[in-house]
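Below you'll find the structure, written out as structure tokens, and then a few comments.
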Amino acid sequence: MDARERALRQAHDHAVRWLASLADRRVPARASVDGIVRALGAHLPDGPSPPADVVDLLATACEPGLTAFPSGRFYGFVVGGTEPAALAADWLVSAWDQNCVMRAVSPAYAAVEEIAGAWLLDLLGLPGGSAVGFTTGATMANFTCLAAGRDAVLRRVGRDVARDGLAGGPAVRVVAGEDRHMAVDLALRYLGLGRPELVPADEQGRIDPEALRHALAVGGRRPTIVILQAGDIHSGAFDPFAETIRAAREADAWVHVDGAFGLWAAASPAYAHLTASVAHADSWATDAHKTLNVPYDCGLAVVRDPSALRAAMALHGEYLIHHELGDPVDKVPELSRRGRAFPVWAALRSLGRSGVADLVERLCRHARAFGAGIAGIDGASVLNDVVFTQVCAEFGDDERTDRVLDRLLDDGTAWISGSTWRGRRVLRISVSNWSTTDDDVTRTLDAIRRAAADI
Ligand SMILES: *Cc1c(COP(=O)(O)O)cnc(C)c1O
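Given below as structure tokens:
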């Protein structure tokens, strides 16, 4: 066995041990940053060390400082776990070390991206023939789609952003619901578009279609982007797409949908009604590292008009250069990049159509169990209509809710984030891990009951 193989075996053994520990380990990290720095040693060694020893040191020293993100009892943010085929494929991605830029250089990657892209459009109910770019996450997927939209609406008034830039050109108006995700604001900032104009949303975070129509009617016709949301991070609610997209179309706006986790509702016959009409938009951002449970990091930027995406992202940015299929690099902001479609293909190939639907339905079933379980706790109330994978609850007042959250973190059975929603502190559960079991839900509800007892 050579040094490389010994290092890989060391990594494999540590990975398998880590994954086996997930079923029962504490979810929050035990060690502090300082503790991990001490365990690793802060000094750069003067000479070389055997790779296997380095991997062993890394894994052993870091283990106490790891949060069990792939645990079935991690419900913070919206993180997925690591579906087995996707995780194993991700190891191959590192070993293969392809720079997934062009068809000619990595035909294997281009083929897999093409297949996975078509499968995703099919599962998410999006128009066939749309371009699918594989980004680092939904933030950059939003960025990518909104770059395509920005350039397209400016092109309609004769401005070529790739050539002339934004300065001195017509302003782009961006309208979003007041409960949009903060990642949307980040993407707009990166794009030089500033803060969006906000339209009121209802108590579940759904944009008000009448208010949107009214907002679009004032101020005359201008280059406009409307941003909608599939899946509110707190309530799980979906914007009413049919009315809002119709209103945006009448204003000749580009319609973008942030559906980081919610877009996956379309993959289940039981939940597809939540995304009805979403396919009439121009672009959609979603994540594969959330609901699909591929390892970090992977987002998906989908644009109905491939030439609009190419105009914004392609290496040769001239509009309507017609290479029949385009290269992977033409659809994302980076040049050199990792083969993110490989794990996505593996997850989809392993789950199959019914497996993706079952996954979505299981996550929603667990969310409902949390909703019902928490509603039965003395002094607790569930604040959202549990329509998808999100549950928000409070425990009397802000102070008590924060105390419950602190106790939960100390308890360590599960990891649940606190948040502020509609002016109140809430405990927010995001169910997004393929491996969460009924037992995980039961143990987590028991931990919440313990944390909420006599406060
Ligand atoms: C998670 C999330 C994002 C950001 O996604 P990243 O993958 O973290 O970049 C954007 N919008 C919504 C609705 C989300 O849930």
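FYI, the numbering used here numbers position 213 of the sequence shown as 901, with every residue one higher than the one before it. No residue lacks a Cβ here, since even glycine has one placed at the ideal position from N, Cα and C.
What span of residues does the alpha helix (DSSP H) with residue i cover, start to end?
i	result
S1042	1029–1063
V743	739–750
For residue i, which of helix, strand or coil comes out of DSSP?
i	result
G893	coil
G865	strand
S720	coil
S971	strand
M689	coil
L710	coil
H1010	For H1010, the predicted model reports a pLDDT of 44, less than 50, meaning its position is unreliable and no value from the coordinates is stated.
I915	strand
A855	coil
N981	coil
P992	In the sequence as presented, Pro is not what sits at residue 992; that position holds Arg. Reduced to three states, the DSSP call for R992 is coil.
R1137	helix
V704	helix
R694	helix
V644	Here the chain covers residues 689 to 1143 and nothing more, so residue 644 does not appear.
L876	helix
V820	strand
R1026	coil
R1091	helix
V1129	helix
D1015	coil
V849	helix
V1114	strand
H922	coil
D1085	coil
H731	coil
L962	helix
L954	First, the residue type needs correcting, since residue 954 is Ala and not Leu in the sequence shown. Of the three classes helix, strand and coil, the one that applies to A954 here is helix, per DSSP.
D1142	coil
L1003	coil
V725	helix
R901	helix
R998	helix
L1096	helix
A1102	coil
G753	helix
A699	helix
A871	helix
W1122	coil
Could you check which residue in the options has the C-alpha nearest to that of residue i?
i	options	result
P897	P884, A756, R934	R934
V1044	L1115, Q917, A958, A1063	A958
D946	T974, V781, S965, D985	T974
P858	E866, R843, M870	R843
A1140	A850, V966, D1126, D1085	D1085
G817	A864, L904, D970, Q917	D970
C944	R909, H902, P884, G1040	Note on residue identity: the sequence assigns His, not Cys, to residue 944. Nearest C-alpha to H944: P884.
P888	V1048, S923, D1128, D867	D867
W972	H961, V991, G987	V991
L854	I1065, G865, A840, V863	A840
A806	W779, T1132, L1036, S1042	L1036
L814	A960, T1108, L754	A960
Q1160	H922, A1060, L962	As displayed, the chain neither begins before 689 nor continues past 1143, which places residue 1160 out of reach and without an answer.
D778	R1026, A1081, E1082	R1026
L1047	D848, E1082, W1122, A996	W1122
D985	D993, V1032, A1002, S995	V1032
P716	F757, L746, W706	F757
In the DSSP assignment, the beta strand (DSSP E) including residue i goes from what residue to what residue?
i	result
C986	Note, C986: premise wrong, no beta strand (DSSP E); not H, not E.
A840	Taken as a continuous stretch (DSSP letters only), A840 belongs to no beta strand (DSSP E), being part of the alpha helix (DSSP H) at 826–844.
V887	885–887
W1109	1105–1109
A1081	1078–1082
Three CB pairs or more closer than 8 Å across the region 1095–1105 and the region 722–738
No: fewer than three Cβ pairs fall under 8 Å.
Quick check on the DSSP output: what are the complete alpha helix (DSSP H) runs of length 4 or more inside the region 756–814, in order along the chain?
Every alpha helix (DSSP H) stretch that sits fully inside the region 756–814 and reaches 4 residues is listed by chain position as 772–784, 795–812.
List, from N- to C-terminal side, the beta strand (DSSP E) runs of 3 residues or more that fit wholly inside the region 927–951.
Runs found: 942–946.
Three Cβ pairs or more, each shorter than 8 Å: is that satisfied between the region 769–779 and the region 977–986?
Output reads yes: the region 977–986 touches the region 769–779.
Would you say the region 1110–1120 touches the region 1054–1069, given that touching needs at least three Cβ pairs under 8 Å?
A contact is defined here as three or more CB-CB pairs under 8 Å, and the region 1110–1120 meets this definition with respect to the region 1054–1069.
For the pair the region 910–922 and the region 937–953, tell me if three or more CB-CB distances fall below 8 Å.
Using a Cβ-Cβ distance cut-off of 8 Å, the region 910–922 and the region 937–953 are in contact, since at least three pairs of beta carbons, one from each stretch, lie closer than that value.
Can we say the region 875–889 touches the region 1088–1095, given the rule of at least three CB pairs closer than 8 Å?
Taking a contact to require three or more Cβ pairs closer than 8 Å, the region 875–889 and the region 1088–1095 do not qualify as touching.
Pairing CB atoms from the region 1015–1029 with CB atoms from the region 923–937, are three or more of them under 8 Å?
Fewer than three Cβ pairs drawn from the region 1015–1029 and the region 923–937 lie within less than 8 Å of each other, which leaves the two stretches out of contact.
For the 8 Å Cβ check, are there 3 or more pairs between the region 1128–1139 and the region 1058–1070?
Enough Cβ pairs lie closer than 8 Å, so yes.
Are at least three pairs of beta-carbons, each pair with one atom in the region 987–1001 and one in the region 738–752, less than 8 Å apart?
The answer is no - the region 738–752 does not touch the region 987–1001, with fewer than three Cβ pairs under 8 Å.
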